[in-house]
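Just so we're aligned, residue 0 is where the sequence shown starts under numbering that gives the first Met the number 0, counting upward by one.
Positions of the beta carbon are idealized from the N, C-alpha and C atoms, including for glycine.
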Amino acid sequence: MASKQPSSLQLPSFLRGLYSSVHQNSKKEGLRCGEQYRKDGAFSAPRQMLEVSPGEVVLTHGVADFQHERPAWRLYMLSNVMSGMYEALNWQNTFQVDDPYEAFCRENAWGALYFATSQDAPRSAERTALRLQAVLRFWEPLQSARYLFKTLGAALTLEELMVASCGWALDAWCPAGDTSVHARLKTAAERMARATREECLEAIFRELPRALAYARNLKHRDALADPTFQRERLASLDPLAFERVSGACTSDLLEKLYDWDHELGLH
Numbered sequence: 000m001a002s003k004q005p006s007s008l009q010l011p012s013f014l015r016g017l018y019s020s021v022h023q024n025s026k027k028e029g030l031r032c033g034e035q036y037r038k039d040g041a042f043s044a045p046r047q048m049l050e051v052s053p054g055e056v057v058l059t060h061g062v063a064d065f066q067h068e069r070p071a072w073r074l075y076m077l078s079n080v081m082s083g084m085y086e087a088l089n090w091q092n093t094f095q096v097d098d099p100y101e102a103f104c105r106e107n108a109w110g111a112l113y114f115a116t117s118q119d120a121p122r123s124a125e126r127t128a129l130r131l132q133a134v135l136r137f138w139e140p141l142q143s144a145r146y147l148f149k150t151l152g153a154a155l156t157l158e159e160l161m162v163a164s165c166g167w168a169l170d171a172w173c174p175a176g177d178t179s180v181h182a183r184l185k186t187a188a189e190r191m192a193r194a195t196r197e198e199c200l201e202a203i204f205r206e207l208p209r210a211l212a213y214a215r216n217l218k219h220r221d222a223l224a225d226p227t228f229q230r231e232r233l234a235s236l237d238p239l240a241f242e243r244v245s246g247a248c249t250s251d252l253l254e255k256l257y258d259w260d261h262e263l264g265l266h
């Protein structure tokens, strides 16, 4: 059931504190969640929520967390909750619990932002649409904080964070950049949610040049850059494999380019 949306941004208390305490407390939360899921197949809200002061900085990626001795909001440590949950389940059927836990988290501002910015697999068009739509539902409270992502320096606004973490989705699914980030995210999410296979292919073709630009040490770059070759290889993917890349995430396409480069070297 969706929780009532607060007017201010609130995060679970276990995500606030020194690095060592957040690491320990988030693991305990994961163990609690895992035990509950094993008993009744459900999750419950964190036991204590704390309000994030307007303008306070939230760390959304471990790369930016270089001052472990200072108290901070460490949103990225929700990954530690998931590790604790897996441990409570004895690392059995972990894939089966991923989807319901993410769905539960997306009903809260903190969970919505984590799954949108962390880009945990899968990154299909359908899953990414759900993640972006969740962030849009909590846009107002999320705007009150500032964020650090993968680079140090000035903290980011919510709009800047979403461009830094989900720019690939904007470029692939709403390339026109003359509207607000919020509007582009909404359009991208709507298109991804109802996308056909052909529409996913169009988005992938828009993003493949960027993936190629990031690729290093390719032995067959010219062949990989050929649109005919790309279309043939994408057409050969089974439904599950195609769904994995259907969101057109740059890192997923980069992985596919390396796979194709390796396959070409075998012939």
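If you draw a straight line from the Cα of A108 to the Cα of L265, it is about 47 Å long. The residue from L263, A124 and E159 with its alpha-carbon nearest to that of I203 is A124. Annotation for H67: L17, Y18 and S19 place their beta carbon closer than 8 Å to its own, counting only its chain and skipping 5 residues before and after.
Excluding five sequence positions before and after H181, the CB atoms of its chain that fall closer than 8 Å to its own CB belong to L135, W138 and E158, given in chain order. By the 16-neighbour rule on beta-carbons within 10 angstroms, E50 is exposed. Under the three-state reduction of DSSP, L217 is assigned to coil, being neither helix nor strand. The closest CA to that of E86, considering only L217, Q35 and P140, is found on Q35.
In the DSSP assignment, V56 forms a beta bridge with R145. If you draw a straight line from the Cα of D64 to the Cα of Q132, it comes to about 27 Å. CA-CA distance, S52 to F148, rounds to 19 Å. Annotation for P238: the continuous alpha helix (DSSP H) segment containing it runs P238 to V244. In the structure shown, L10 falls within a strand segment according to DSSP collapsed to helix, strand and coil.
Boundaries of the beta strand (DSSP E) harbouring L49: M48 to E50, taken from the DSSP string. With 16 or more other CB atoms across the displayed protein chains lying within 10 angstroms of its CB, N79 is buried.
Judged by beta-carbon spacing, A168 lies beyond the 8 Å limit of A144, meaning their Cβ atoms are not closer than that value. Distance between T195 and Q23, taken at the CA atoms: about 44 Å. Across the structure, P11 and A163 are spaced so that their CA atoms are roughly 24 Å apart.
Taken through DSSP and simplified to helix, strand or coil, W90 comes out as coil. Close CB contacts of L160 within its chain, under the 7 Å cut and outside five residues either way in sequence, are with T59, T116, Y146 and F148 (chain order). Residue E206 holds the alpha-carbon nearest to the alpha-carbon of S250 among W172, V56, E206 and D221. With respect to the C-alpha of W90, the residue from R37, R105 and L8 having the closest C-alpha is R37. Using a 10 angstroms sphere on the CB of F94, the tally of other CB atoms stays under 16, which defines it as exposed. Between F103 and F13, the C-beta gap is not smaller than 8 Å, which leaves the two residues out of contact. In the three-state reduction of the DSSP assignment, R205 falls in the helix class, which pools H, G and I. In this structure, G152 sits away from S82, with a CB-CB distance that is not shorter than 8 Å.
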